[in-house]
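Q: Counting from 1 along the sequence shown, just add 6 to a position and that's the residue number in this note's numbering.
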Amino acid sequence: MSIRKYAIVNAPFERSPGQDGEVFAGNVIDQRHGGPITIGYGRYGPNQSIHETLAVDDVMVVLEGRLTVSTELTTVSAGPGEIVYMPKGEKVTIRSHEHGAVTAYVTYPHWQEARP
Numbered sequence: 007m008s009i010r011k012y013a014i015v016n017a018p019f020e021r022s023p024g025q026d027g028e029v030f031a032g033n034v035i036d037q038r039h040g041g042p043i044t045i046g047y048g049r050y051g052p053n054q055s056i057h058e059t060l061a062v063d064d065v066m067v068v069l070e071g072r073l074t075v076s077t078e079l080t081t082v083s084a085g086p087g088e089i090v091y092m093p094k095g096e097k098v099t100i101r102s103h104e105h106g107a108v109t110a111y112v113t114y115p116h117w118q119e120a121r122p
C-alpha cells in the first residue's frame, strides 16, 4: 500500500450497520486494502442517535456540526476540529444535534471484521 489522499467524495456511504436512522459510514481504507486500520467518513442526519458496544478502538474527528457521546460514566460534546476517542468494549450513545454532523474516523482493528 502506498501513500494516498482521500476526500469525502471518495467515501461510498452506506447506512451504519444495525441502524435504521440517518447515520451513514463510508470507508475509504479497510481490510480490502491490506492495512491494519479502517479510515472513513461518517454522516449523521439532524437529531439522530446510535447505541453501540464498541467492538474496536474508535477515533472520531468532527468535521462539521456537533456530536455528543455518552457512556454510563461520562458525556462529551465535540464540534469541528475536536477528536473523540472511544475504547473497545465501551457502551456508547452517539447523538447528533439539530444540524447533523460529518466526521472522519479511524478504527483498529477493522470494524467490519469485528462486528458480531
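Virtual Cβ for every residue (Gly too), placed ideally from N, Cα, C.
Source: prediction; values computed, not measured.
Comparing alpha-carbon positions, which option in Ala17, Glu96, Arg101, Gly71 lies nearest Gly85?
A: Ranking Ala17, Glu96, Arg101, Gly71 by Cα distance to Gly85 puts Gly71 first.
Q: Since I believe Ile45 is in contact with Val112 (beta carbons under 8 Å), could you give me their beta-carbon distance rounded to a whole number of angstroms?
A: At roughly 5 Å, the Cβ-Cβ gap stays under 8 Å, so Val112 and Ile45 are in contact.
Q: Just to confirm the assignment, what range does the beta strand (DSSP E) spanning Val75 have?
A: Taken as a continuous stretch (DSSP letters only), the beta strand (DSSP E) holding Val75 covers 63–76.
Q: In chain order, what residues of the same chain have a beta carbon less than 8 Å from the beta carbon of Gly27, not counting five sequence neighbours either side?
A: Result list for Gly27: Gly51, Gln54, Ser55, Ile56, in chain order.
Q: On the premise that Thr81 lies in contact with Lys97, defined as a C-beta separation below 8 Å, what is that separation, rounded to the nearest angstrom?
A: The pair is not a contact, with the Cβ atoms about 13 Å apart (cut-off 8 Å).
Q: So Trp117 and Val62 are in contact, right, with Cβ under 8 Å, and what is the actual spacing, rounded?
A: That pair is a contact at about 5 Å.
Q: Could you have a look at Ile9 and say whether DSSP puts it in helix, strand or coil?
A: The answer is coil: DSSP assigns Ile9 none of H, G, I, E or B.
Q: Counting C-beta neighbours from all protein chains within 10 Å, is the total for Thr109 16 or more, i.e. buried, or is it exposed?
A: Buried.
Q: Compute the beta-carbon to beta-carbon distance between Leu73 and Ile100, rounded to the nearest angstrom, for a pair I have assumed lies under 8 Å.
A: Indeed, because the Cβ distance is near 6 Å, the residues count as touching under 8 Å.
Q: Output yes or no for whether 8 Å exceeds the beta carbon distance between Gly41 and Ala17.
A: No.
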